[in-house]
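Student: If you read the sequences in order, they're chains A and B.
Going by the numbering used here, the first sequence runs without a break in its numbering and finishes at 397.
Going by the numbering used here, the second sequence runs without a break in its numbering and finishes at 128.
Even glycine gets a Cβ: it sits at the ideal position worked out from N, Cα and C.
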Amino acid sequence: DVKVTQSSRYLVKRTGEKVFLECVQDMDHENMFWYRQDPGLGLRLIYFSYDVKMKEKGDIPEGYSVSREKKERFSLILESASTNQTSMYLCASSRGLIGSGSSQAQHFGDGTRLSIL
Amino acid sequence: DAKTTQPPSMDCAEGRAANLPCNHSTISGNEYVYWYRQIHSQGPQYIIHGLKNNETNEMASLIITEDRKSSTLILPHATLRDTAVYYCIVRQTGANNLFFGTGTRLTVIP
Chain A
281 DVKVTQSSRY LVKRTGEKVF LECVQDMDHE NMFWYRQDPG LGLRLIYFSY DVKMKEKGDI
341 PEGYSVSREK KERFSLILES ASTNQTSMYL CASSRGLIGS GSSQAQHFGD GTRLSIL
Chain B
19 DAKTTQPPSM DCAEGRAANL PCNHSTISGN EYVYWYRQIH SQGPQYIIHG LKNNETNEMA
79 SLIITEDRKS STLILPHATL RDTAVYYCIV RQTGANNLFF GTGTRLTVIP
């Protein structure tokens, strides 16, 4: 089974801090994604990466950056945390973007519930 | 991506089949139907997907109507652990994003 592991289930940080969220997948997937999930808004894509050192902006990249130095690891960085970034953050991975539908099934971690005080 | 419409909630007796409907009347020819579920305090879990034909795996069956404007996810013998929010998503091949709507909250009753 695919395993996507997020480093923390719960995290509390202060306004203005630099925050790192880590995600590791063990299935050699090319693609990795960071979403945030808020009540009434569903999942919104922040950034994604389709290869090492490659990154693309999603729908809401402002206030975030990412890093992918190794294929299995994708980090989300809040440069200067603000209270409106309090949310559930979900990492996902998938094998390839082009091809059959099954290769694009995204597999998710259990999320990090981040609170910014 | 085409919009999907699902009932907000459903109940199902334990051991019975759970049939979750989804309307996607604006689906286009190259869009797949995906189903995910999210159990409380966990990340979304991929269940099944299909394009035109009915599909079955160890978790569920997916029935897609001939005109592809609607589909039904079937959990053949629902258990208490199947209580979750179920999301129907229509997505183009090659698209990067997954658009999760509000889904259907399925409650399996003992």
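Whole-angstrom Cβ separation of Pro341/A and Tyr330/A, contact assumed at under 8 Å?
Tutor: Within the first sequence, numbered from 1, the residue matching residue 341/A stands at position 61. Within the first sequence, numbered from 1, the residue matching residue 330/A stands at position 50. Their Cβ separation, rounded to whole angstroms, is 15 Å, which puts Pro341/A and Tyr330/A out of contact at 8 Å.
Student: With distances taken Cα to Cα, identify the nearest neighbour of Thr125/B among Gln24/B, Lys21/B, Asp29/B, Thr23/B.
Tutor: If you number the second sequence from 1, residue 125/B lands on position 107. Nearest option by C-alpha distance: Asp29/B.
Student: With a 10 Å radius around its C-beta and 16 neighbouring C-beta atoms as the bar for buried, classify His58/B as buried or exposed.
Tutor: Within the second sequence, numbered from 1, the residue matching residue 58/B stands at position 40. Classification for His58/B: exposed.
Student: If you measure from the beta carbon of His95/B to each beta carbon in chain A, is any gap under 9 Å?
Tutor: Position 77 of the second sequence holds residue 95/B. No, its Cβ sits nowhere closer than 9 Å to a Cβ of chain A.
Student: Considering only residues of the same chain and omitting the five flanking positions on each side of Ser345/A, which have a CB-CB separation below 7 Å?
Tutor: Taking the first sequence and counting its residues from 1, the one referred to as residue 345/A is at position 65. Closer than 7 Å at Cβ, skipping near neighbours: Ile357, Glu359.
Student: Report all residues from its chain with a CB closer than 6 Å to the CB of Leu38/B; omit the five preceding and five following residues, and keep chain order.
Tutor: For the purposes of this step, residue 38/B is taken as residue 20 along the second sequence, with counting starting at 1. So the qualifying residues of the chain are Leu91, Tyr104, Thr122.
Student: Counting only the same chain and skipping the five closest in sequence on each side, list residues whose C-beta sits under 6 Å from that of Leu301/A.
Tutor: For the purposes of this step, residue 301/A is identified with residue 21 of the first sequence, where counting begins at 1. So the list reads Leu356, Tyr369, Thr392, once near-sequence residues are dropped.
Student: Within a Cβ cutoff of 7 Å, which residues of the same chain sit near Arg324/A, ignoring the five residues on either side of it in sequence?
Tutor: Position 44 of the first sequence holds residue 324/A. Same-chain partners within the cutoff: Tyr315, Arg316, Asp339, Ile340.
Student: Could you give the DSSP three-state label for Asp29/B: helix, strand or coil?
Tutor: Your numbering for residue 29/B matches position 11 in the second sequence. Strand.
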